[in-house]
Structures are given as C-alpha cells and as structure tokens.
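Going by the numbering used here, the sequence shown opens with residue 3, and the numbers climb by one from there. From the three backbone atoms N, C-alpha and C, an ideal C-beta is built for every residue, glycine too. Only one structure is covered here, and it is reproduced in the block below.
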Amino acid sequence: MNTMNTTNTTNTTNTGNTTSDHDTDRRPHLYREMLRIRRFEERCVELYSATKIRGFLHLCIGEEAVAVGVMATLGPDDRVASTYREHGHALARGVSAGSVMAEMYGKVEGCSRGRGGSMHLFDTSVGFYGGNAIVAGGLPLTIGMGLADRLTGRPLVNVALFGEGAAAEGEFHESMNLAALWGLPVLFACENNRYAMGTALAKTHARTDLAARAEGYGMPAETVDGMDVEAVEAATRRAVEAIRAGEGPRFIEFLTYRFRAHSMYDPDRYREPAEVEEWKQRDPIPRLAERLIADGLVDQESLAALETEIEREIDDAIAFAEAGTIEPVEDLTRFVLTEATT
Numbered sequence: 003m004n005t006m007n008t009t010n011t012t013n014t015t016n017t018g019n020t021t022s023d024h025d026t027d028r029r030p031h032l033y034r035e036m037l038r039i040r041r042f043e044e045r046c047v048e049l050y051s052a053t054k055i056r057g058f059l060h061l062c063i064g065e066e067a068v069a070v071g072v073m074a075t076l077g078p079d080d081r082v083a084s085t086y087r088e089h090g091h092a093l094a095r096g097v098s099a100g101s102v103m104a105e106m107y108g109k110v111e112g113c114s115r116g117r118g119g120s121m122h123l124f125d126t127s128v129g130f131y132g133g134n135a136i137v138a139g140g141l142p143l144t145i146g147m148g149l150a151d152r153l154t155g156r157p158l159v160n161v162a163l164f165g166e167g168a169a170a171e172g173e174f175h176e177s178m179n180l181a182a183l184w185g186l187p188v189l190f191a192c193e194n195n196r197y198a199m200g201t202a203l204a205k206t207h208a209r210t211d212l213a214a215r216a217e218g219y220g221m222p223a224e225t226v227d228g229m230d231v232e233a234v235e236a237a238t239r240r241a242v243e244a245i246r247a248g249e250g251p252r253f254i255e256f257l258t259y260r261f262r263a264h265s266m267y268d269p270d271r272y273r274e275p276a277e278v279e280e281w282k283q284r285d286p287i288p289r290l291a292e293r294l295i296a297d298g299l300v301d302q303e304s305l306a307a308l309e310t311e312i313e314r315e316i317d318d319a320i321a322f323a324e325a326g327t328i329e330p331v332e333d334l335t336r337f338v339l340t341e342a343t344t
C-alpha cells in the first residue's frame, strides 16, 4: 500500500505530472488539504441544517485549489487578509479545525472568541487577519501591513485574497495604486468565481479580464487556472519570490468556480444547472487524485485511509465546539476598548 506523506515542503515551482522526491512530499499534501477543506465544509452544511451553526455561511466548495495552492507558498511570518468565504483560507493557513468550528458555534474557544462566526475568522498566531464581511475590506489591511514591512525592512509578503466583485470597489483601485506607487510587498490574489453574489461578472464589468486592471498601475499580472492546485501553487510561488526579492507587488487572477450557492440563504436561481455541472467536471480534488494515482504516489487504499483520518479530525473539531463555552453576558462590552495592563 502507498502511504500519503503529508510533509509540507515548498521550495519548487515544478508543475505537471512529475515524480521527483520533492513531489512525493508536496503533491499528496496539497491533495490532503483540499480534501480536508471540502469535508469540513460539507459537515458545516449538515450542522447548519441542524441549526448548530447559525447566521450566514459562505462555502468555498469547488475553490479549494486556490486556498491550498496560495498558502503552500507562504512563510510562517507572512500575512493573509481574506473575504467572508474564508473557511478554506483559514484551514490551509494553519488555523485549527477545532478553533474554526468553535467559532462557527459561537463559542469562546473559537479563533475570534465566538464573536465573529463564519465570516470573521481571525488568528494572528498564523498570520491570518480575517475574514472580512465587507467586500474588498481586506485589501487596505494588506496595504497597511505592507507599508509597515517596507518601512521596517522586514522581508515579508502580505496576501490580499478577494473575489472578482471587489474589483468594482474603490478600495480595490486605491489599494492597487498605493501598492504600485510605494512598491509594497503585496500579492493581490483574485478568486474570480464569475459571480458577485448572484450577478455575473459580464453584467457589471465592461472588461472581464481582471488581470488587465493591473496594467493601469504598471503591476505584473497573470491569469491562472484556479481549478488546478499545482498551477495555483506554481504561479503564486513565482509572485511571492518576486515580492520577497523587493520587486514590488504582483496580481494573480485565479479562474475558479463555487459549486454551491453564494450562501446557505441563496436559492441559486441565477445559474443554469448545466453550467454548474460543467465546472464540476474540473473539480480540483479528483483532478489531482487522478494524477497522483497515475504517478504511483497513492492508491485507493491510501485515499480511503485519508478519508478516515480527516473524518476523525472533523469529528474531534465538532466535539470540541459542542463542549465549548458560551461567553457570559457580563463580557458583552469587553474588548470594545483596549484593556488596561498592570
């Protein structure tokens, strides 16, 4: 039986069906992380239907390759600002499944003490600065962090993950301009899933080639197949290496697709079922699994064992959340102001 070595080594830009010693470590790890995100969110759907999770819930099912491919290229001190569709980003960045699930449950043990819920996951210990409910809200944060790094000489990379809908917001253009003007260490990573909520990109943008927006700011840009985790990782690594070398900001447009509706409240009547099924044929998880099997890196037995391992992790995360603590009402105004230290 082949076993899946999930060590995360990230010092290559190789793509395609290669079988180097490095790939033996890297590619099964990419598969594991995508599958882990998929199974985590599928369980969230069940828990939401059982009213264990309340409020809004935006799933990234179908888009896992972007989360995993981008995060695989970052160092431990790099920073990420995300969107409200950020479960996959948080898990791939290193926020524990238990911490994320407890946050979904509104428990103090959650990564935001249960105050943020699904849309406001936050954990500075792994450089994850949200989870932002405001469209394009994370972009100015990365500009501020990038400026701080430039002024202090820290060789860090700041990643702004955002959807194509953010390209219509003022913060997008302001952030792009300042990043280019000041040569900031920022990666603009656009997850173009074709629909801003229920509105198709072509109905709101005269030009749908979003990578072309970077030209106006003299910023190098690239459009990548966001349904191929290896392509995502390779393109992101090129950009990250350039940014870390002091070559200024970069822009990547990842062409991807969400298989589920915008949120759990969305009836999803704005897309043809045939379109969704067509994109499901490009599902990044079985796509990579086929390559791994063909290259002899995994077999059906090891894939089944991985499913069991991930199921156990998610079961543990749910148990952790179920046993968590509801914040007392007396702490309602806590953290509104900075607490005094003695």
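Point to revise | Segments assigned beta strand (DSSP E), at least 3 residues, entirely inside the stretch 42-114 | key: Runs of the beta strand (DSSP E) inside the stretch 42-114: 81-83.
Point to revise | Proximity of Ile-55 and Leu-61 at Cβ, strictly below 8 Å | key: By one-based count along the sequence shown, residue 55 stands at place 53. By one-based count along the sequence shown, residue 61 stands at place 59. Their beta carbons are not under 8 Å apart, which means Ile-55 does not touch Leu-61 by this criterion.
Check your understanding: Around the C-beta of Leu-183, are 16 or more other C-beta atoms found within 10 angstroms, so that it is buried, or is it exposed?
Key -> On the sequence shown, position 181 is the one that residue 183 refers to. Exposed, because fewer than 16 other Cβ atoms sit within 10 Å of the Cβ of Leu-183.
Check your understanding: How long is the line joining the alpha carbons of Gly-326 and Gly-132, rounded to whole angstroms?
Key -> Mapped onto the sequence shown, residue 326 falls at position 324. Mapped onto the sequence shown, residue 132 falls at position 130. Cα-Cα distance, rounded: 22 Å.
Practice item. Return helix, strand or coil for Tyr-197, following the three-state DSSP convention. Key: Numbered from its first residue, the sequence shown carries residue 197 at position 195. Tyr-197 carries a strand assignment under DSSP once its states are collapsed to helix, strand and coil.
Point to revise | Spatially closest choice to Tyr-259 from Ser-84, Arg-271, Arg-284 and Cys-46, by CA coordinates | key: The sequence position of residue 259 within the sequence shown is 257, counting from 1. Of all alpha-carbon atoms in Ser-84, Arg-271, Arg-284 and Cys-46, the one lying nearest the alpha-carbon of Tyr-259 is that of Arg-284.
Point to revise | Where the alpha helix (DSSP H) through Thr-144 begins and ends | key: For the purposes of this step, residue 144 is taken as the residue at position 142 of the sequence shown. Thr-144 -> alpha helix (DSSP H) spans 140-154.
Point to revise | Residue range of the alpha helix (DSSP H) that includes Val-231 | key: Locating residue 231 in the sequence shown gives position 229, counting from the first residue. For Val-231, the enclosing alpha helix (DSSP H) covers residues 231-246.
Practice item. Mind checking which residues open and close the beta strand (DSSP E) that includes Arg-252? Key: In the sequence shown, the residue the question calls residue 252 occupies position 250. Here the beta strand (DSSP E) through Arg-252 covers 252-257.
Point to revise | Helix, strand or coil at Glu-171 according to DSSP, with G and I counted as helix | key: As a position in the sequence shown, residue 171 is number 169, starting the count at 1. If DSSP states are grouped into helix, strand and coil, Glu-171 belongs with coil.
Practice item. Go through its chain and collect everything with a Cβ distance to Glu-65's Cβ below 8 Å, but skip five positions before and after it. Key: By 1-based counting over the sequence shown, the position of residue 65 is 63. The residues are Arg-87, Gly-90, Glu-193, Asn-195, Gly-228, Thr-258, Tyr-259 and Arg-260.
Exercise for review: Enumerate in chain order the residues of its own chain whose CB-to-CB distance from Val-137 is below 7 Å, with the five nearest sequence positions on each side excluded.
Suggested key: Within the sequence shown, numbered from 1, the residue matching residue 137 stands at position 135. Same-chain partners within the cutoff: Gly-167, Ala-168 and Glu-171.
Exercise for review: With a 10 Å radius around its C-beta and 16 neighbouring C-beta atoms as the bar for buried, classify Asp-23 as buried or exposed.
Suggested key: The count along the sequence shown starts at 1 and reaches residue 23 at position 21. Only weak support exists for where Asp-23 lies, its pLDDT of 43 falling under 50; the value from the coordinates is given anyway. Per the 10 Å Cβ criterion, exposed.
Review point. Which of helix, strand or coil does DSSP assign to Val-226?
Key: Start at 1 with the first residue of the sequence shown, and residue 226 comes out as number 224. Strand.
Check your understanding: Between Ala-291 and the rest of its own chain, which residues show a CB-CB distance below 8 Å, the 5 nearest in sequence each way excluded?
Key -> The residue you call residue 291 lines up with position 289 of the sequence shown. The residues are Tyr-33, Val-300 and Leu-305.
**Study point:** Cutoff 6 Å; reference Gly-148; Cβ partners in own chain excluding five residues on either side
**Key:** Looking up residue 148 in the sequence shown gives position 146. The residues are Asn-160, Leu-186, Pro-187 and Val-188.
Point to revise | Inter-residue spacing [alpha-carbon to alpha-carbon] between Phe-124 and Phe-42 | key: Start at 1 with the first residue of the sequence shown, and residue 124 comes out as number 122. Start at 1 with the first residue of the sequence shown, and residue 42 comes out as number 40. Those two C-alpha atoms are separated by around 18 Å.
**Study point:** Expected contact under 8 Å - CB spacing of Phe-58 and Met-121 to nearest Å
**Key:** For the purposes of this step, residue 58 is taken as the residue at position 56 of the sequence shown. For the purposes of this step, residue 121 is taken as the residue at position 119 of the sequence shown. Correct: roughly 6 Å between the Cβ atoms.
Check your understanding: Can you tell which of Thr-238, Ala-204, Arg-252 and Ala-319 has the C-alpha that lies nearest to the C-alpha of Ala-223?
Key -> Reading the sequence shown from its first residue, position 221 is the one you call residue 223. Comparing Cα positions, the closest option is Arg-252.
Practice item. Kindly indicate the opening and closing residues of the alpha helix (DSSP H) around Leu-163. Key: As a position in the sequence shown, residue 163 is number 161, starting the count at 1. Counting along the chain, Leu-163 falls outside any alpha helix (DSSP H), though it belongs to the beta strand (DSSP E) covering 160-165.
Practice item. In angstroms with no decimal places, state the Cα-to-Cα distance between Asn-179 and Thr-75. Key: Numbered from 1 along the sequence shown, position 177 holds the residue referred to as residue 179. Numbered from 1 along the sequence shown, position 73 holds the residue referred to as residue 75. Straight-line Cα distance between these residues: approximately 25 Å.
Practice item. On the DSSP bridge assignment, give the partners of Val-188 in chain order. Key: Position 186 of the sequence shown, counted from the first residue, corresponds to residue 188. In DSSP, Val-188 forms a bridge with Asn-160.
**Study point:** Bounding residues of the alpha helix (DSSP H) (the contiguous stretch that carries Gln-302)
**Key:** The residue given as residue 302 occupies position 300 in the sequence shown. Run containing Gln-302: 302-324, per the alpha helix (DSSP H) assignment.
Practice item. Helix, strand or coil for Ala-202, going by three-state DSSP, please let me know. Key: Walking along the sequence shown from the start, residue 202 turns up at place 200. Correct three-state label for Ala-202: strand.
**Study point:** Local Cβ density within 10 Å of Ile-245, reported as buried at 16 or more and exposed below that
**Key:** The residue labelled residue 245 in the question sits at position 243 within the sequence shown. With 16 or more other Cβ atoms within 10 Å, it is buried.
Check your understanding: Taking one C-beta from the stretch 99-115 and one from the stretch 267-280 each time, how about it: are there three or more such pairs within less than 8 Å?
Key -> They do not touch, by the three-pair rule.
Review point. Is the CB-CB distance between Asp-79 and Leu-163 below 8 Å?
Key: By 1-based counting over the sequence shown, the position of residue 79 is 77. By 1-based counting over the sequence shown, the position of residue 163 is 161. In terms of Cβ geometry, Asp-79 and Leu-163 do not form a close pair [threshold 8 Å].
Check your understanding: DSSP three-state call for Asp-270: helix, strand or coil?
Key -> For the purposes of this step, residue 270 is taken as the residue at position 268 of the sequence shown. Of the three classes helix, strand and coil, the one that applies to Asp-270 here is coil, per DSSP.
Point to revise | Three-way DSSP call (helix, strand, coil) for Leu-212 in this model | key: Numbered from 1 along the sequence shown, position 210 holds the residue referred to as residue 212. Leu-212 falls in the helix class under three-state DSSP.
Check your understanding: Closest to Val-338 by CA distance: which of Ile-295, Arg-117 and Arg-29 is it?
Key -> Locating residue 338 in the sequence shown gives position 336, where the first residue counts as 1. Check the Cα spacing between Val-338 and each of Ile-295, Arg-117 and Arg-29: the tightest is with Arg-117.
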